[in-house]
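First up is the structure itself, then whatever we jot down about it.
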Amino acid sequence: WRPAVTEHQPHQDTSTIPPYIHDWFSQLPSRMLATEIDPATSAIFSTDMINGFCHFGPLASPRVLAIIGPVVDLFTRAHALGVRNFVLTQDTHEPDAPEFAAWPPHCVRGTPEAETIPEITALPFADLLTVVEKNSLHPGHETEFDAWMADHPQVRTAIVVGDCTDLCVYSLAMSLRLVSNARNIPDVRVIVPANTVDTYDLSPDAAAAIGAFPHSAQFFHEVFLYHMALNGIEVVRALG
2 WRPAVTEHQP HQDTSTIPPY IHDWFSQLPS RMLATEIDPA TSAIFSTDMI NGFCHFGPLA
62 SPRVLAIIGP VVDLFTRAHA LGVRNFVLTQ DTHEPDAPEF AAWPPHCVRG TPEAETIPEI
122 TALPFADLLT VVEKNSLHPG HETEFDAWMA DHPQVRTAIV VGDCTDLCVY SLAMSLRLVS
182 NARNIPDVRV IVPANTVDTY DLSPDAAAAI GAFPHSAQFF HEVFLYHMAL NGIEVVRALG
């Protein structure tokens with residue numbers, strides 16, 4: 002029930018965002034990828050860059066569609082620098098997923114919606130991509146995510162991209178941050194480039210028409226990025 006990708010993106014009203022959060026977001030710094038990472042100890046973690054959120058289906062969003070370019074560019078430049086760890090956590094729902102009580106059926110196992118977007122699978126290093134299927138917002142509940150992390154203890158810099166900022170991106174970035182905190186590992190960095198994540202927009206009128214919750218994309222995008230930063234995640238405008 003999110004807007005179809007063919008619809009025009011609505012004007013983003015930032016009037017309800019607390020001024021201190023909007024000011025913080027507006028002043029986010031950009032950093033250079035090459036100076037921020039050690040390729041041997043870095044990984045790119047992507048969430049839900051799949052057809053059902055980018056290209057078609059009831060949860061496809063024009064704002065998410067717009068981050069494909071920056072995400073693919075970051076993948077490409079990271080690989081050129083020597084990064085070889087790319088993890089794609091992706092909705093791969095069972096047909097009777099409990100999540101469908103809150104969201105319309107989407108990204109069901111075996112359907113085109115659940116497939117990685119072709120812009121990523123066409124990358125010449127696609128054989129390096131590790132897909133982790135998930136049946137919930139969280140990357141590590143009943144998945145292979147924790148096993149992958151255990152097999153890659155050298156990872157000290159985790160760059161998180163994808164959608165949606167306030168849902169799966171937040172769950173992924175916070176999981177990486179909080180697990181490191183709990184294990185008292187001091188040198189783990191979690192970085193979220195704001196230009197490679199986004200969320201969807203659903204106006205009050207559109208939500209009322211379909212019996213859904215309204216969702217102000219810019220509000221939740223900025224507020225949840227702020228909350229990630231509040232928890233020690235490094236939020237930057239971009240990694241150039």
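Per the working numbering, the sequence shown runs over residues 2 to 241. The C-beta atom is built at its ideal place from N, Cα and C for all residues, glycine as well. These figures come from a predicted structure and were not determined experimentally.
Given residue i, which residues of its chain have a CB within under 7 Å of its CB, disregarding the five upstream and five downstream residues?
i      : result
ARG178 : VAL191, ASN232, GLY233 and ILE234
ALA174 : VAL161, VAL191, VAL193, MET229 and ILE234
HIS12  : The predicted position of HIS12 is uncertain, since its pLDDT is 45 and thus under 50; no value can be drawn from it.
Looking at the structure shown, is residue i part of a helix, part of a strand, or coil, going by DSSP?
i      : result
ASP147 : helix
ARG178 : helix
LEU173 : helix
PRO11  : Unreliable placement is indicated for PRO11, whose pLDDT of 44 sits below 50; no coordinate value is reported for it.
GLN219 : helix
ALA44  : strand
GLY241 : coil
PRO194 : strand
HIS142 : coil
Closer than 8 Å by C-beta to residue i: which residues in its own chain qualify, once you throw out the five before and the five after it? Chain order, please.
i      : result
LEU34  : LEU75, ARG78, ALA79, LEU82, LEU240 and GLY241
ASP147 : GLY141
Once the 5 residues before and after residue i are set aside, which same chain residues still bring their CB inside 6 Å of it?
i     : result
VAL65 : PHE54, CYS55, ASP164 and ASP199
So residue i and residue j are in contact, right, with Cβ under 8 Å, and what is the actual spacing, rounded?
i      : j      : result
ASP167 : PHE221 : 4 Å
GLU120 : VAL73  : 5 Å
THR158 : THR42  : 6 Å
HIS115 : THR93  : The question names His, yet the displayed sequence has Ala at residue 115. Yes, ALA115 and THR93 are in contact; Cβ-Cβ is about 5 Å, under 8 Å.
What number of angstroms, rounded off, separates the C-alpha of residue i from the C-alpha of residue j?
i      : j      : result
SER1   : SER204 : Only positions 2 to 241 of the chain appear in this structure, which leaves residue 1 out of reach.
ARG32  : VAL237 : 7 Å
MET150 : GLN219 : 32 Å
ILE186 : PHE26  : 28 Å
GLU143 : ALA230 : 27 Å
TRP104 : PRO113 : 18 Å
Could you pull the DSSP bridge partners for residue i from this structure?
i      : result
LEU89  : SER47 and VAL132
ILE160 : ILE45 and ILE192
ASP97  : Per DSSP, none; premise fails for ASP97.
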